[in-house]
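Below you'll find the structure, written out as structure tokens, and then a few comments.
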Amino acid sequence: MDLNELSGVLEEVTKALKPYQEGFHKFSRLPETGMKRDDVIGLMQKLSEFEAGRWKSGFASGAVYHGDDEYNEFLSSVYALNVASNPLHPDIWPSATKFESEIVAMTAGMLGADKTADPIVGTLSSGGTDSILLAMKTYRDWARAEKGIAEPEIVAPVTAHAAFVKAAHYFDMKIVKVPVGLDFRADVAAMERAITPDTAVIVGSAPPFPHGLVDPIDELSELARSCGIGFHTDACLGGFILPWAEKLGYNVPAFDFRLPGVTSISADTHKFGYAPKGSSVILYRGNELRHHQYFSITDWPGGLYFTPSFAGSRSGALIASCWAALVSMGEKGYLEAARQILETAEWIRRKIGEIPELQVIGDPLFVIALRSDAFSIYQIQEFMSRRGWSLNGLILPPSVHICVTLRHAQPGVKERFIDDLKAAVEFVRGNPDAPAGLGPLYGMGASVEMRGMAKGMLNSLLDLLYE
Ligand SMILES: Cc1ncc(COP(=O)(O)O)c(C=O)c1O
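Here this note's numbering is used: the first residue of the sequence shown is 883, the next is one more, and so on.
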């Protein structure tokens, strides 16, 4: 592939944004006189109508986990009541602190805190990446303080979320990325070989984003325990659905604090916790570990300053809305939602099994990754995106996935997905040169020589998006 073809790919991506950018006035400076509030609302309504068609009708993989209109209105009312709230001022908004500690306690209880004698503590963060960054910084500081490791390392399977690489980059840590086994799950023996005297933490995911197959957390966390180091379960995606799947009788491998070697867990309230975007929970076994996350300064002219996480001021409204999501759903609500999602995913998997050109990777519960021996899976993804679907493209191996949510449990959505998938296969069968959309860019990521160029392309893409 040459540079012209590559910039063609970039152009394709930006073209997709054009109707959005051209259809609405672009503010490149503050309006001299403020817009009328009604006009602002009118504009928001137009934008929302423009965007909502796809996600409301279940065309997105993951992204919107609940999305019911009435439920969103309920969360919006809670947000409105708390719009000024900021937990940085607990004297003014003690409710925000109360909500936060209760969210942490309810999440911990769901993830095995009541089955262990150790205290399980934590804080709220702004999302999965934020929770992972917090945990990795915590292990860095813990390893330096408690184990005298000057340059602490992370050992993680390659399928662990990109946020772990981001954490290593931000916090000057080394991350050892270990290939997964033939079953696409963490390879315990290979992980063991990657441990050095400088390893601070081992990572496993329940499940990882790409193929949705839960790592062998029991063996990995025991390995960490036997080495006297930390083990982080990334349950950002699965934390609020696997406990309910287990209760419903699905085969869910152990991944939570019932395993004594698990020393921290990230679980996203803003995914299957059905809270609005902007919240996640990071939990630790024991307060000693959590202390390495805190920040405080006692000699600042601005006074005593102390925060539990990275942010200073935070949105108390998001915390209140997250709390409202948890208590309004309750155990029965989460169980019922999980039942619908898992049954929908099972149905989709069964139907994909009837398409000989497509193969599901492993035996997943709700993230279904597909590959093809017959043609480029990115040709299928491109056809699907022209039909409105937003599936996630993956590399190593080339595949795409759909993360099933409540949006897909609406009547007719799963049937439409399978019909479109069958049409895609039919089309690519008859058109071997069918376009592969972003496929070439994914392909670049798979080859070492091309990765530098791919990074350059992604930087240009970010510049275009935020110009
Ligand atoms: C397993 C896993 N970890 C972490 C994250 C990061 O979450 P966020 O996008 O909220 O930062 C995701 C996101 O999909 C995920 O699937």
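We put the CB at the ideal spot given by N, CA and C, even for glycine.
Can you determine whether any heavy atom of ligand 1 sits closer than 6 Å to the C-beta of residue i, and answer yes or no?
i	result
G1155	no
C1118	yes
F1248	no
S1087	yes
G1010	yes
F1137	no
H1043	yes
F1091	yes
What does DSSP give as the partner residues of residue i in its beta bridges?
i	result
N1274	H1283
I1164	T1005 and S1148
Y1021	The partner list for Y1021 (beta bridge, DSSP) is empty, contrary to what the question assumes.
S1087	D1116
L1400	Here the chain comprises residues numbered 883 to 1349, so residue 1400 is not present and cannot be evaluated.
A1044	For A1044, which the question treats as bridged, DSSP gives no partner whatsoever.
P1039	V1060
G1068	With the sequence shown as reference, residue 1068 is identified as Ala, and Gly is not the correct amino acid for it. A1068 pairs with V1062.
A942	S1272
V1249	C1285
T998	Its beta-bridge partners do not exist; DSSP assigns none.
T1081	E1035
For residue i versus residue j, is the C-beta spacing smaller than 7 Å?
i	j	result
I1223	V1163	no
N964	A1199	yes
I1284	I1250	yes
D1100	A1068	no
C1204	S1161	yes
D1080	E1033	yes
F941	S1267	no
P1246	G1094	yes
L1320	G1275	yes
E982	L1015	no
L1141	S1103	yes
V922	R1172	no
T1145	G1112	yes
K1056	V1040	no
I1243	V1307	no
D1000	R1167	yes
H1114	V1134	no
L1208	M988	yes
A1206	V960	yes
V1310	Q1241	no
V1047	M1073	no
G1327	A1336	yes
E1228	A1256	no
F1154	I1179	no
Taking 6 Å as the cut-off, does the CB of residue i come closer than this to any heavy atom belonging to ligand 3?
i	result
S1191	Summarising the ligand content, the structure contains ligand 1 and does not contain ligand 3.
Completely contained beta strand (DSSP E) runs for the stretch 1310-1346, where each covers 3 or more residues: Within the stretch 1310-1346, no complete beta strand (DSSP E) run reaches 3 residues.
Report the residue ranges of all alpha helix (DSSP H) runs contained in full by the stretch 1155-1242; include only those spanning at least 4 residues, in chain order. 1169-1173 and 1198-1234
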